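Q: Residue numbers (the numbering used here), protein chains in the order written: chain A, 74 to 299; chain B, 74 to 299. Even for Gly, the Cβ is constructed at its ideal location relative to N, Cα and C. Owing to the predicted nature of the structure, the values given are computational and were not obtained by experimental measurement.
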DNA sequence: TCTTAACCGGACGACACCGTCCGTTTAGGC
DNA sequence: GCCTAAACGGACGGTGTCGTCCGGTTAAGA
C-alpha cells in the first residue's frame, strides 16, 4: 500500500509531497486531455488542488510534467513491442503492436499530443534503450516479412508514418473512435503482403529513435513560436 | 495587370490598400508556414511591412486572415474535385483528387494547419456549395465503385479520414515528403477493390461538410483553451 | 511534546499578445 | 496644386501565462 503510493508519487519524498505529486499527475492527464498539451500550468495546479509553486517544484518544466504524466503510456508501448516480439505469430505481434499504440492514442486524449511533441528530434540520452527498441522492431519486421505476412517493401520507418498520421487523426477528431479504427484497419490491410500491388515510393529517412517505444522518456518541446 | 493586382489585393480599395492587402496575404502564408497558424498577428504585420492596425482593418479576426491566405489552396481542392468528376476513368479521378489535396498539404506548410482548423464544426453558411461538394464526392465514389476499382465498403467519410491523417503527418514531419508520399501510396492501395480482404470496422459518422473541398470558406477557430 | 527541515501556496513582477485609438500621411478627383 | 476621404501605423491599455519568492504550515524524528 505504502509501496504502491510511493511508486505513483515518487520515492524519497515526504508523505504530503508524495500525495501531491500523484494528484498532479492525475490532474495533468485530465487537463491535457481536455485542453491540449499547451494548457496553462496553473490550470493543472488548480485541478490538482495545489499551488503553482508546488507544481513547479516537482516538475520544473512543462516537458518534465508531460513526460511524467504519460510515462505509463510510454511503458505500455514499450511492453507492446516486447510482447509483439514474443508472439509466435509475427504478423499477429505486429498487428497488436500497432493496435495497442493506436488505442492508447485514441483513449488517453493528451497522449497523442505528447506523442507528436515527443517525436521529432530525439537526443542521445538513453541511447541504449532506443537502440534496443529499434533493433527489436527491425527483428519483428523481418520476421513478419519472412513469414510472408508483411509486405516485403515495408520499411521500419513506415511504422512511424502510421503512428504519426493516426496521431494526427485523433488529434483532429477526438471522440471519433470509428475514424481511428477505420484508419488502423486500412493501414494494416495495406501492410499485408497480399496488398502489395504497384511499387511504393521510397521510404522516409526517418529513424525510429524518437518513437516512444523505448520508454525512456527523452522528449523535446514542440516547435516554439520564437 | 491592374485586373491581376486587384484580384490579388481585393476590389474597391485604394491602390496602396490593395498593395498592402496583397503583401499581408503573402506574409501570412510565410509566417503561418514557419510558426504555425497561431503565430502572432504582429509577426505577420511586421513581415508584410505594415502596421498591426492595417492588418486588423483588413482582416478583423485571425480566422479571416487564414481563410483569405489559403483561399487559393481551397479553390485548388475544389477544382480537383470537379476535375476528378470529369475524368473518364473514375479511379484515376479519385486518385488524383487525393494526391492533389495531399500535395497541397505537403507543399504549402501552413495549409495543413488551416485545413484541420477549418475542419471540425462547419456552419450552415454557404450550405449549397458544401452540399454540392458532398454530392459530387458521393457520385465520384459510387462511380469508382461501380467500375470495380474502388472497394465496395469505402465510405465517403474515409476521404476525410485519409486527408486528416495525412494532415497530421505533414504537421508532425514538415519537410519529409517521402513520409507523406508513402502514406498516400499505402492509403490509395488500401482503397483499391483488390485490397479488400477482411471486413472493415464501421465507418465514421462524420459528415463531409467541413472538408475544404467546397471552397466556400466557412471556417471555425481551432478549439480554444478556455 | 518539541524542533526543524521539508513542504506548501498565494502573491507578484516580467513578458507576450491582443485589438483599438488617434494623430499623421497619401491617393486620386477636381 | 489643392482638398478630402481613405488609409496608415505607432502607441497604449487590457488580459493571460510564466516562473519565482517568501512567509506560513506540517510531517516526522528525537
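#1: What three-state label does DSSP hand residue 265 of chain B in the structure shown?
#2: Tell me, please, which residues DSSP counts as bridged to residue 223 of chain A.
#3: Return the residues of the region 252 to 268 of chain A that lie within a Cβ-Cβ distance of less than 8 Å from chain B, sorted by chain order.
#4: So with CB distances below 8 Å, who are the chain A contacts of residue 249 of chain B?
#5: Under DSSP, the alpha helix (DSSP H) around residue 239 of chain B begins and ends at which residues?
#6: Please compile the residues from chain A whose C-beta is within a distance smaller than 7 Å of the C-beta of residue 244 of chain B.
#7: For a test of the three-state rule: what should DSSP assign to residue 160 of chain B, helix, strand or coil?
#8: With 9 Å as the threshold, decide whether the Cβ of residue 274 of chain A is near any Cβ in chain B.
#9: Checking 9 Å against the spacing of the C-beta atoms, do residue 238 of chain B and residue 238 of chain A come in under that value?
#10: Should residue 171 of chain A go down as buried or exposed, given a rule of 16 or more other Cβ atoms within 10 Å for buried?
#11: Quick one: does residue 271 of chain B have its CB under 9 Å from some CB of chain A?
#12: Going along the chain, which residues of the region 225 to 239 of chain B sit with their C-beta nearer than 7 Å to a C-beta in chain A?
#13: Roughly how many whole angstroms lie between the Cα atoms of residue 104 of chain A and residue 123 of chain A?
#14: Helix, strand or coil: how does DSSP classify residue 248 of chain A here?
#15: Any contact between the region 202 to 219 of chain B and the region 128 to 138 of chain B? By contact I mean 3 or more CB pairs, one from each, below 8 Å.
#16: Below 8 Å, can you find three or more Cβ-Cβ pairs linking the region 85 to 93 of chain A to the region 160 to 176 of chain A?
#17: Against chain B, does residue 125 of chain A count as a neighbour if the rule is that its beta carbon must be under 9 Å from one of theirs?
#18: Please decide whether residue 189 of chain A counts as near chain B, where near means a Cβ-Cβ distance under 9 Å.
#19: Whole alpha helix (DSSP H) runs in the region 109 to 136 of chain A with 4 or more residues, listed along the chain?
#20: For the candidate residues B:93, B:275 and B:150, whose alpha-carbon lies nearest to that of residue 250 of chain A?
#21: Tell me whether residue 95 of chain B sits in a helix, a strand or coil according to DSSP, three-state version.
#22: Between residue 261 of chain A and residue 212 of chain A, is the Cβ-Cβ spacing less than 9 Å?
A: Reading off the structure:
#1: Here residue 265 of chain B sits in strand by DSSP.
#2: Partner(s): A:265.
#3: Here the close residues are 252, 254, 255, 256, 258, 259, 260, 262, 263, 264, 265, 267 and 268.
#4: Neighbours of residue 249 of chain B on chain A, chain order: 277, 278 and 279.
#5: Looking at the DSSP string, the run of the alpha helix (DSSP H) that includes residue 239 of chain B is 230 to 245.
#6: Close partners of residue 244 of chain B in chain A (Cβ separation under 7 Å): 241.
#7: DSSP, reduced to helix, strand and coil, places residue 160 of chain B outside both helices and strands of the structure shown, so it counts as coil.
#8: Yes, residue 274 of chain A lies at the interface with chain B (some Cβ there is under 9 Å from its Cβ).
#9: Taking C-beta atoms as the reference points, residue 238 of chain B and residue 238 of chain A count as a pair closer than 9 Å.
#10: Classification of residue 171 of chain A: buried, given that the 10 Å Cβ count is 16 or more.
#11: True, the Cβ-Cβ gap to chain A drops below 9 Å.
#12: Hits within the stretch, in order: 231, 234, 237, 238 and 239.
#13: Spanning the two alpha carbons is a distance of roughly 14 Å.
#14: Coil.
#15: Flag = no, the region 202 to 219 of chain B and the region 128 to 138 of chain B do not touch.
#16: The region 85 to 93 of chain A vs the region 160 to 176 of chain A: no contact.
#17: Answer no: the Cβ-Cβ gap between residue 125 of chain A and chain B never drops below 9 Å.
#18: Yes, contact with chain B.
#19: The qualifying runs are 114 to 121 and 125 to 131.
#20: When each option's Cα is compared against that of residue 250 of chain A, the closest is B:275.
#21: Residue state, collapsed to three classes: helix.
#22: No; because the gap between Cβ atoms is not below 9 Å, this pair is not in contact.
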